[in-house]
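Following: one structure in structure tokens, then a few remarks.
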Amino acid sequence: MREHGVARRRTMQAIVGAFVGIWSLGPIYWAVVVAVSRPSDLTMSPVSLVPRSFSLDNFGSVLAPSSPAGAAFLQGVLNSVIQATGTTVVTLLIALPASYAFARVRFRGSTPVLAIITATIAIPVYLVLIPLFQLGAATGQLNTHQGVILVLVSASLPLAIWILRSHIATLPEDIESAAKLDRANTFVIVRSIIGPLIAPGLVAVAVIVFLAAWGAFLIPLVYAGTAGAQPLTVVIPTFATQFSSDYGLQAAAGLVAALPPLLLVLVLRRYLTAGLILGAVK
Amino acid sequence: MSVNGRSVTTRGPRPGSRVRGWRTDRLGWLLIAPAAVVIGALVLYPTVTSLIGSLQHYSLLNQDRSFAGIDNYARVLADPAFQRSIATTGIYFVVISIGVLVIGIGIALWLQTLKGRLRTLALGVVIIPWAVPGTVSGLLWSFIFTPTGAGLLNSTMSSLHLIDATKAWLNMPTLGPALIALTVVWGGTPLGVVIFLAALESIPHDIRDQSLIDGAGPARYFWSISVPLIRPAIAIVLLNAATLAIGLFDQIYVLVGLDPSKITISGSMYLYAFRDFNFGLGYAAAVITTVITTLIAVAYLKGLYREVEY
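So the protein sequences, as listed, match chains A and B.
Going from the first sequence to the working numbering is simple: count from 1 and add 107.
Going from the second sequence to the working numbering is simple: count from 1 and add 66.
Written as structure tokens, this is what we have:
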């Protein structure tokens with residue numbers, strides 16, 4: 108009787124697991140099928156959930172600098188790498204000292220300033236988009252990498268400061284006192300004592316900021332909409348119109364564009380889940 | 067998301083705090099200066115500009131920059147296109163909220179039944195859609211909803227003889243927005259799962275053991291014990307779902323373009339400003355959208371988010 112119950116539970120567990128797997132991976136799997144199949148295979152009846160043919164040609168033309176699709180796509184890859192990496196590095200460089208100050212330095216004005224910065228986490232991008240566009244146009248930052256990077260930094264900075272500050276605040280203060288007795292410079296303390304100790308938090312913030320920057324669409328659409336600074340997220344929708352019925356090519360482009368964030372999440376998942384919860388619940 | 071303001075830090079008057087004086091102040095301001103400048107210039111200044119701009123006539127197509135009072139707001143609220151976007155946003159809101167909540171809790175409960183490596187592996191699979199950028203996830207789902215026979219939904223349905231002719235699923239009045247919302251549920255669920263799993267795991271074991279001794283079945287335990295105890299997590303997840311629904315743009319752009327019958331209220335800001343070049347109306351639409359979002363957030367946090375004591 109009891110064993111019967113255990114077996115039934117196992118079966119339920121497996122059935123739910125199958126649904127969870129199909130739900131989570133199904134759309135990605137189907138895009139792989141579309142990317143490797145001949146176009147005529149997809150319209151054949153009855154439908155086949157496994158590819159009827161296999162070819163990597165679509166990936167080849169997306170990644171070939173000589174093909175029209177490849178040239179635009181590779182430029183997009185380069186732009187995405189520059190903008191996402193730049194945003195991550197600049198955000199951390201600005202957020203870490205600020206977080207340390209809010210957690211440790213008892214300076215006048217820290218409480219209201221932190222409250223204001225924290226409150227800006229709730230300001231949505233669509234509220235600030237038009238002024239940012241005007242600001243970018245007035246200062247000649249439209250269609251430049253540094254323009255996009257600055258705006259993306261401003262979008263992720265408040266959350267980064269919030270998460271890093273919570274991490275630093277949990278460290279015991281004694282840690283720095285020895286260094287302070289040696290009259291160590293604050294920047295040395297942050298770099299060589301605080302930095303290594305909150306490494307997991309730094310990694311989590313770096314991943315969250317990188318993913319947000321890599322996936323950002325509305326900001327680069329407005330800020331880098333026309334010239335050569337378009338990241339992948341802006342290039343890909345143009346593929347859908349430019350190569351409108353070439354689903355295989357589009358699928359290959361989408362899969363390659365999703366690969367860097369996917370690898371990042373899979374490799375650094377341990378840091379990420381903790382960081383996500385901190386960012387979402389705290 | 068910041069909910070209860072700041073967490074507890076021991077800060078306050080200490081012996082000798084007066085001696086610290088201006089050196090400490092200077093150090094603190096020096097450390098936060100870059101952050102303060104960026105946030106001030108690129109977040110606070112644009113926010114104020116939006117609020118002021120919404121009270122001005124401002125179109126790139128004419129020279130009129132006069133004070134408008136509430137004129138922009140009146141015009142936006144009276145615009146049938148904006149009213150339509152409110153209704154569409156409502157569909158996104160309902161589908162995304164229910165989807166992320168139900169699927170998120172369901173997957174979290176399932177993960178709880180798994181142990182050790184199996185759970186780590188399963189969580190890795192579950193979190194994958196979260197990493198996919200919004201435009202790419204719109205693209206992935208487009209191969210399922212393709213209006214021709216090449217679309218997975220059409221080919222599957224006709225293979226099963228459920229439909230006679232291929233359908234343009236995304237063009238259907240209510241089903242279209244609901245299917246677009248489904249793609250957002252796909253990308254938004256992982257965060258919900260992570261939050262729910264953390265909340266479920268933090269319920270002390272003795273509460274669970276006691277309720278089992280008292281003879282409560284799994285369903286009873288879930289509704290009477292788990293749900294009340296994870297209420298703060300539910301509030302956060304619903305708040306996140308509302309933000310996703312109201313700010314939805316990327317997936318719509320890829321799946322159906324800037325179709326006025328599919329855009330959200332935040333998308334209508336984009337159309338006013340960057341299609342019609344009327345920044346005044348764009349500002350007003352953005353402010354209205356922000357106010358609606360804030361009201362929903364306050365309602366969730368007041369109604370659902372309360373600190374739980376075990």
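In this text, a Cβ means the ideal position worked out from N, Cα and C, and glycines have one as well.
Own chain residues within Cβ distance below 8 Å of B/V152, not counting five before or after = Here the sequence assigns Ile to residue 152 of chain B, which means Val is not the residue at that position. Excluding positions up to five away in sequence, the list reads I331.
query = With DSSP run on the structure shown, which of helix, strand or coil describes A/Q248?
reply = It is coil, neither helix nor strand.
request  = Report the residues of the segment 343-357 of chain A with a CB closer than 9 Å to any CB of chain B, ordered along the chain.
outcome  = Contacts with chain B (Cβ-Cβ distance below 9 Å) from the segment 343-357 of chain A involve I343, P344, F346, A347, T348, S352, Y354 and Q357, listed in chain order.
ask   = Are B/W196 and B/P284 closer than 8 Å when you measure CB to CB?
value = Taking the C-beta atoms as reference points, B/P284 is found no nearer than 8 Å to B/W196.
inquiry  = Could you give the first and the last residue of the continuous alpha helix (DSSP H) run that contains B/L380?
reply    = In the structure as shown, chain B begins at 67 and stops at 376. Residue 380 of chain B is therefore absent and cannot be evaluated.
message = Under 8 Å, Cβ to Cβ, is there at least one residue of chain B near A/V310?
response = Against chain B, the CB of A/V310 has no partner CB under 8 Å away; the residue lies outside that interface.
task = Go ahead and label B/F315 buried or exposed: buried means 16 or more other beta carbons lie within 10 angstroms of its beta carbon, across all protein chains shown.
result = Buried: at least 16 other Cβ atoms inside 10 Å.
ask   = Short check: CB of B/I312 to CB of B/I261, under 8 Å?
value = Taking 8 Å as the Cβ cut-off, B/I312 and B/I261 do not qualify as a contacting pair.
request  = Give the C-beta separation of B/S203 and B/A307 to the nearest angstrom, bearing in mind that I take them to be a contact with Cβ-Cβ under 8 Å.
outcome  = Between the beta-carbon of B/S203 and that of B/A307 there is about 16 Å, and that puts the pair past the 8 Å contact cut.
ask   = Among the residues of its own chain, which have a CB less than 8 Å from the CB of A/L170, if the five just before and after it don't count?
value = Closer than 8 Å at Cβ, skipping near neighbours: G177, F180, L181 and V363.
ask   = Is the beta carbon of A/L339 less than 8 Å from the beta carbon of A/S173?
value = Contact: no.
task = Out of A/G167, A/L259, A/T150 and A/I135, state which residue places its alpha-carbon closest to the alpha-carbon of A/T192.
result = By alpha-carbon distance to A/T192, the top candidate from A/G167, A/L259, A/T150 and A/I135 is A/L259.
message = For a contact defined as C-beta to C-beta under 7 Å, what are the partners of A/V184 on chain B?
response = Under the 7 Å cutoff, chain B gives no residues; its nearest Cβ is about 13 Å from A/V184.
ask   = Which chain B residues sit within Cβ distance under 9 Å of A/S152?
value = Those within 9 Å of A/S152 in chain B are G215, S221, S224 and S225.
ask   = Among B/L370, B/S208 and B/W289, which residue has its Cα nearest to the Cα of B/V322?
value = Here the closest residue by C-alpha is B/S208.
ask   = Taking the alpha carbon of A/L239 as the point to measure from, which residue in B/I273, B/D275, B/L127 and B/S116 has its own alpha carbon closest?
value = Among B/I273, B/D275, B/L127 and B/S116, the Cα nearest to that of A/L239 is on B/S116.
query = Name the chain A residues whose beta carbon is nearer than 9 Å to that of B/W235?
reply = Per Cβ cutoff of 9 Å: no residues; B/W235 is ~15 Å from chain A at best.
task = Say whether the segment 114-126 of chain A touches the segment 321-337 of chain A, bearing in mind that this needs 3 or more beta-carbon pairs closer than 8 Å, one atom from each stretch.
result = As far as the Cβ criterion goes, the segment 114-126 of chain A does not touch the segment 321-337 of chain A, which means the pair count is below three.
message = Helix, strand or coil for B/L205? Go by DSSP, reduced to three states.
response = It is helical.
Cut-off 8 Å between Cβ atoms - residues of its own chain near A/E280, not counting five sequence neighbours on either side = The residues are R211.
query = Can you give the Cα-Cα distance for B/I300 and B/L206, rounded to whole angstroms?
reply = Their Cα atoms are separated by approximately 29 Å.
task = Give every residue of the same chain whose Cβ lies closer than 8 Å to the Cβ of B/I105, excluding the five residues on either side of it in the sequence, and list them in chain order.
result = No residues qualify anywhere along the chain.
task = With 8 Å as the threshold, decide whether the Cβ of A/L369 is near any Cβ in chain B.
result = Judged by the 8 Å Cβ criterion, A/L369 is in contact with chain B.
query = In this structure, does DSSP put B/F343 in helix, strand or coil?
reply = Three-state DSSP puts B/F343 in coil, outside helix and strand.
key: Residue ranges of each alpha helix (DSSP H) within the segment 315-383 of chain A, 4 or longer   = Complete alpha helix (DSSP H) runs here, min 4: 325-330, 339-349 and 354-374.
ask   = With a Cβ-Cβ cutoff of 8 Å, do B/A350 and B/S125 count as a contact?
value = No. Outside cutoff.
task = Indicate the three-state DSSP secondary structure (helix, strand or coil) for A/V388 in the structure shown.
result = Summary for A/V388: the model assigns pLDDT 45, below 50, so the residue's position carries little reliability; its value from the coordinates is reported in the next sentence. Residue state, collapsed to three classes: helix.
inquiry  = Can you pull out the residues from the segment 314-339 of chain B whose beta carbon lies closer than 7 Å to at least one beta carbon of chain A?
reply    = Taking 7 Å as the upper bound on Cβ-Cβ separation, chain A lies near residues F315, D316, Y319, V320, S332, M335 and A339 of the segment 314-339 of chain B.
key: Classification of B/R92 by the beta-carbon crowding that lies within 10 angstroms, buried from 16 upward   = Exposed is the call here.
key: Spatial neighbours of B/G87 in its chain, beta-carbon cut-off 8 Å, leaving aside the 5 residues before and after   = The beta carbon of B/G87 lies closer than 8 Å to none in the same chain, with the five residues before and after it left out.
query = How about B/V191: is its C-beta nearer than 8 Å to some C-beta of chain A?
reply = Contact with chain A is found for B/V191, since one of that chain's Cβ atoms lies less than 8 Å from the residue's Cβ.
ask   = Would B/Y366 pass as a contact of B/L310 if the rule is Cβ separation under 8 Å?
value = For B/Y366 and B/L310, no; Cβs fall outside 8 Å.
key: Through-space distance from B/T240 to B/Q149, alpha-carbon basis   = Taking the straight line joining both Cα atoms gives about 16 Å.
query = Quick one: is A/L249 near chain B, going by C-beta distance under 8 Å?
reply = Using a CB distance cut-off of 8 Å, A/L249 does not count as an interface residue toward chain B.
request  = Taking A/F324 as the query, report the chain B residues whose CB atoms sit under 8 Å from its CB, ordered along the chain.
outcome  = Close partners of A/F324 in chain B (Cβ separation under 8 Å): P199, G200, T201, F315, D316 and Y319.
Backbone CA spacing between A/T118 and B/L180 [nearest angstrom] = If I take the Cα positions, the gap works out to 13 Å.
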